[in-house]
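Quick mapping for you: the protein sequence lines, in order, are chains A and B.
First residue of the first sequence? That's 892 in my numbering, and the numbers climb one at a time after it.
First residue of the second sequence? That's 892 in my numbering, and the numbers climb one at a time after it.
All C-beta atoms in this analysis are idealised placements derived from N, C-alpha and C, irrespective of residue type, glycine included.
These numbers were taken from a predicted model, which means no experiment stands behind them.
Protein chains: 2
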Amino acid sequence: METSSKQLRIGLAGLGNVGSGVYKNLLRNRDILLERTGVHLQVAKIAVRDPDRKRDVEVPPEMLTADWQELISDPQIDIIVELIGEGEEAFALITAALKAGKAVVTGNKAVLAKHGKQLVELSEQQNTPLYCEAAVAGGIPIIKAVREALIGNRIDSIYGIINGTSNYILTRMTTAGISFSDALQEAREKGFAEADPTLDINGWDAGHKAIILGWISYGRWLKPEEISVAGIENVSSEDVAFANSLGYEIKLLGVIRQGKDDERIEVRVAPSLIPRTHILSSVDGVFNAVAVHGNVVGETLFYGSGAGQDATSSAVISDLADAAENLMNDVGCTGFVPHGDYGEALPVEETLSQYYLRLSVVDEPGVLAQISSITGQNGIGILSVIQPEPKEPSEYIPLVLLLHDAPYGTVRSALEAVLALSSVGSEHTLLRVETLER
Amino acid sequence: METSSKQLRIGLAGLGNVGSGVYKNLLRNRDILLERTGVHLQVAKIAVRDPDRKRDVEVPPEMLTADWQELISDPQIDIIVELIGEGEEAFALITAALKAGKAVVTGNKAVLAKHGKQLVELSEQQNTPLYCEAAVAGGIPIIKAVREALIGNRIDSIYGIINGTSNYILTRMTTAGISFSDALQEAREKGFAEADPTLDINGWDAGHKAIILGWISYGRWLKPEEISVAGIENVSSEDVAFANSLGYEIKLLGVIRQGKDDERIEVRVAPSLIPRTHILSSVDGVFNAVAVHGNVVGETLFYGSGAGQDATSSAVISDLADAAENLMNDVGCTGFVPHGDYGEALPVEETLSQYYLRLSVVDEPGVLAQISSITGQNGIGILSVIQPEPKEPSEYIPLVLLLHDAPYGTVRSALEAVLALSSVGSEHTLLRVETLER
Chain A
892 METSSKQLRI GLAGLGNVGS GVYKNLLRNR DILLERTGVH LQVAKIAVRD
942 PDRKRDVEVP PEMLTADWQE LISDPQIDII VELIGEGEEA FALITAALKA
992 GKAVVTGNKA VLAKHGKQLV ELSEQQNTPL YCEAAVAGGI PIIKAVREAL
1042 IGNRIDSIYG IINGTSNYIL TRMTTAGISF SDALQEAREK GFAEADPTLD
1092 INGWDAGHKA IILGWISYGR WLKPEEISVA GIENVSSEDV AFANSLGYEI
1142 KLLGVIRQGK DDERIEVRVA PSLIPRTHIL SSVDGVFNAV AVHGNVVGET
1192 LFYGSGAGQD ATSSAVISDL ADAAENLMND VGCTGFVPHG DYGEALPVEE
1242 TLSQYYLRLS VVDEPGVLAQ ISSITGQNGI GILSVIQPEP KEPSEYIPLV
1292 LLLHDAPYGT VRSALEAVLA LSSVGSEHTL LRVETLER
Chain B
892 METSSKQLRI GLAGLGNVGS GVYKNLLRNR DILLERTGVH LQVAKIAVRD
942 PDRKRDVEVP PEMLTADWQE LISDPQIDII VELIGEGEEA FALITAALKA
992 GKAVVTGNKA VLAKHGKQLV ELSEQQNTPL YCEAAVAGGI PIIKAVREAL
1042 IGNRIDSIYG IINGTSNYIL TRMTTAGISF SDALQEAREK GFAEADPTLD
1092 INGWDAGHKA IILGWISYGR WLKPEEISVA GIENVSSEDV AFANSLGYEI
1142 KLLGVIRQGK DDERIEVRVA PSLIPRTHIL SSVDGVFNAV AVHGNVVGET
1192 LFYGSGAGQD ATSSAVISDL ADAAENLMND VGCTGFVPHG DYGEALPVEE
1242 TLSQYYLRLS VVDEPGVLAQ ISSITGQNGI GILSVIQPEP KEPSEYIPLV
1292 LLLHDAPYGT VRSALEAVLA LSSVGSEHTL LRVETLER
């Protein structure tokens, strides 16, 4: 076979969880990869922090180096796969690789969220492609789907469950009725939470992915300070139960969208109520899913494992195949340019949604009238009110309101006024309700 | 801008529902398409049966011709989009286009299911690409997902809800408790069923798509006579209700898979029970979804509109962009070759699944013993038995069995022996139960 002699040499930076998966699965499926791409995709050199460490995968020791500069300076290496994790070192490595004219595949969402604009500009200047399918939603090919498969669409909205740890915790709070901390403990025991789960729990892992999806959809790298991010640490079992009884599931949702008339771009992450009638509400456990609405295709959804060694390496290998196709055909940067820059960031105060508001109120007549007078003055409509029977006599009883679409800033200031009422206690929860209609 | 002068001229064959959508949406999103592909994708000529017919889209009359040969012979036309519907004429048209060295985009599942092998071979000989994203599952980019995004995976299985009309009917039978014929009538009134819905109802529309998915996954074009296809016309409200009470939904399911040890390929379509715990069971109404299990990525699912003018034209436009990229870079056939040929067809008699069997039996002791003696002799285990309370006294009462994994042929012959029992009536339903485990 004419093509069988072609080979592309890969410099792999990082041999942790995902790096090991890439090494292992490239070998495991080498036959089909050769057949489908016409190229031997061969790992030639691997940069690791400590070459002497014992690892899960068996790697020829002569392949290992402690110095990633060796991958860059080796003229035989065609493609760099960057999987060393967060940090400025990854930024330096990707920069050096692109400057050396080597195609880069990265799974590093933190680096892209921080330095994406610079790296993409450098990639274009150097006419050297940069791929990042593994950076968002693990094995789900959402980057390729939005950039290539939905190329004929303006993206109206993306709603994504893009953090598996949070989704596992919320699912267990819903199905087993356990508390946030018990569910987090369980996630740790099952290996679904990192030793330090801070970025999962506080929403910023999803935030980094949302920034990348914002770029893919609207051509603009929003800065971390331009987006609004909240995590699931304050979601209570009580709120989960109320949401369920109202026909909703609570999910940590990334929202990336653009108004029809207001062309500013909204990128935010928050625990949100979504209707049970929408398929996104059926995404349980560690799975991720991304619902994309395009102005031609209508509603679509992409579902799969959002993390894990194997699922994520499937995304890396897909990028390697794309890189191989480009390199073999000598076409430089991929033909799919980043979509255009469509607008400014919409400040979070101006973002619209419905809301779930749980208050604790004194059980006496006239409280609801006081509250609805404040919401009314602020132009916020009330969709429904639930006053659940209190379980035991107490000074405060819960009052749950569903509020009409309103700007977040208006709702926040109305809430402050409500909390200042003498009949309203300080304990409360304000969550978004996303109807997912577009 | 250097690229702005480049243009690719499209010859559009067919201006029906999907053809009009392609024309309309190429104009609607021309700005983003130019920006993303660097090329003007311009419809230059349109072949229609009757140029004088009044149409939904406004098309310059000088663009129309009644003779599709004009599209082929016009040296200025770079790409042919074939959307004339079923039939040998489409085969002749695609063949002529490839021979003339023009890239082809088609949405014609029937022609591919019948002549796919020949057409793909011709495309390779001519080094001229043939695209068919719109032929399977409308706006869901399942062809690109399997061929490109999951390129590093052996495909373990594909389970697809790939006929919107059937899914609408089954959803309404489930949620509204109405009969098959009432649900079909409703689908017609809502425009979700064609004037002649035969191919939707008898399963062959899904069968054609399953053949294409078999090729995409396993590199082999199975012949229509090598696959097993059943439609939904015999699914009763009673079976839907029993299935629901057992924790299942009935869906018309396309199954494309390959054994781990037995490397033969299974392609079949049948109404099947799927567990409510699987996200595929949440796919309702006219939506389609395709669950793909890859040996690296694990479980994935792709969801969206499986039909309709706009959704399907999103798929055509994605193919046009891929064709444009190939043409501009002068790389001939796409770098992604069809996946290799991995095995023979597995005869339907040998295919394994669990089963739902509803019998009508005389209400007397010993009937179940007679039946389970027959299943036992055939090596078929019984998972559970339900004998619902009869609504009114009658000669026969229903008996529902769930059967363990067994070859279809064995189950068929055991069923014949059961039906020959004097205590068993002729009315019965045998449906597959798919656990979707891999």
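Within-7 Å CB hit, residue i to chain A
| i | result |
| --- | --- |
| Asn1054 of chain B | no |
| Gly1043 of chain B | yes |
| Gly1098 of chain B | no |
| Val913 of chain B | no |
| Leu1192 of chain B | yes |
| Ile1103 of chain B | no |
| Ala1202 of chain B | yes |
| Lys1081 of chain B | no |
| Arg927 of chain B | yes |
| Val1181 of chain B | no |
Below-7 Å beta-carbon distance, residue i vs any chain B residue
| i | result |
| --- | --- |
| Thr1065 of chain A | no |
| Ile1208 of chain A | yes |
| Ile1109 of chain A | Inspection of the sequence shows that residue 1109 of chain A is occupied by Tyr rather than by Ile. No, Tyr1109 of chain A lies away from the interface with chain B (no Cβ there is under 7 Å from its Cβ). |
| Gln898 of chain A | no |
| Thr1242 of chain A | no |
| Arg946 of chain A | no |
| Thr1062 of chain A | no |
| Ser895 of chain A | Unreliable positioning characterises Ser895 of chain A in this predicted model, as indicated by a pLDDT of 45, which lies under 50. A coordinate reading is not provided. |
| Trp916 of chain A | Looking at the sequence shown, residue 916 of chain A is not Trp but Asn. Yes, contact with chain B. |
| Val1188 of chain A | yes |
| Gly1030 of chain A | yes |
| Arg1167 of chain A | no |
| Thr1170 of chain A | With the sequence shown as reference, residue 1170 of chain A is identified as Ile, and Thr is not the correct amino acid for it. Yes, its Cβ sits closer than 7 Å to a Cβ of chain B. |
| Ser1173 of chain A | yes |
| Asn1093 of chain A | no |
| Lys1035 of chain A | yes |
Residue j beta carbon less than 7 Å from that of residue i
| i | j | result |
| --- | --- | --- |
| Ala1001 of chain B | Glu1117 of chain B | no |
| Ala1209 of chain A | Glu1024 of chain A | Here residue 1209 of chain A is Ser; the residue named in the question, Ala, does not match the sequence. Yes. Within cutoff. |
| Val1037 of chain A | Ile1107 of chain A | yes |
| Leu1294 of chain A | Tyr1246 of chain A | yes |
| Tyr914 of chain B | Val930 of chain B | no |
| Ser1163 of chain B | Leu1144 of chain B | yes |
| Val1131 of chain A | Tyr1059 of chain A | no |
| Ile985 of chain B | Val1181 of chain B | no |
| Ile1147 of chain B | Ala1214 of chain B | no |
Reduced DSSP secondary structure (H/G/I, E/B, other) of residue i
| i | result |
| --- | --- |
| Leu903 of chain A | strand |
| Ala1180 of chain B | strand |
| Leu1192 of chain B | strand |
| Leu1090 of chain A | helix |
| Ile1271 of chain B | coil |
| Arg1063 of chain B | helix |
| Thr1337 of chain A | Since the first residue shown for chain A is 892 and the last is 1329, residue 1337 of chain A is missing from the structure and cannot be characterised. |
| Lys915 of chain B | helix |
| Ala1121 of chain A | coil |
| Glu1085 of chain A | coil |
| Ser1128 of chain B | helix |
| Ser895 of chain A | With a pLDDT of 45 at Ser895 of chain A, under the threshold of 50, the modelled position of this residue cannot be trusted; read the value that follows with caution. Ser895 of chain A: helix per DSSP, three-state reduction. |
Residue from the options with nearest C-alpha to residue i
| i | options | result |
| --- | --- | --- |
| Asp1073 of chain A | A:Glu1024, A:Trp1112 and A:Val1126 | A:Val1126 |
| Gly998 of chain A | A:Leu1218, A:Asp969, A:Ile1046 and A:Gly976 | A:Gly976 |
| Asn1179 of chain B | A:Asp965, A:Phe1193, A:Leu899 and A:Pro1281 | A:Phe1193 |
| Ile901 of chain B | B:Leu962, B:Asp922 and B:Glu1240 | B:Leu962 |
| Glu1318 of chain B | B:Val1309, B:Thr1326 and B:Glu1325 | B:Val1309 |
| Arg921 of chain B | B:Ser1205, B:Leu1113, B:Arg1063 and B:Gly1043 | B:Ser1205 |
| Glu1325 of chain A | A:Lys1142, A:Gly1223 and A:Lys897 | A:Lys1142 |
| Leu1211 of chain B | B:Pro951, B:Ile971, B:Asp941 and B:Leu918 | B:Ile971 |
| Glu1157 of chain A | A:Ala1121, A:Ser1172, A:Glu1140 and A:Leu1113 | A:Leu1113 |
Residue i beta carbon near the ligand FMN (any heavy atom closer than 6 Å)
| i | result |
| --- | --- |
| Glu1129 of chain A | This structure lacks the ligand FMN, and indeed carries no ligand of any kind. |
* Asked: Quick one: complete beta strand (DSSP E) runs, 3+ long, within the segment 1202-1255 of chain B?
  -> For the segment 1202-1255 of chain B, whole beta strand (DSSP E) runs of length 3 or above, ordered along the chain, are 1243-1253.
* Ignoring anything shorter than 3 residues or poking outside the segment 1284-1317 of chain B, list the beta strand (DSSP E) runs there in chain order. => Here the runs fully enclosed are 1287-1298.
* Go through the segment 945-1006 of chain B residue by residue and report every complete run of the beta strand (DSSP E) that reaches 3 residues or more, in order. => Those beta strand (DSSP E) runs which fall completely within the segment 945-1006 of chain B and span 3+ residues are 970-973 and 994-997.
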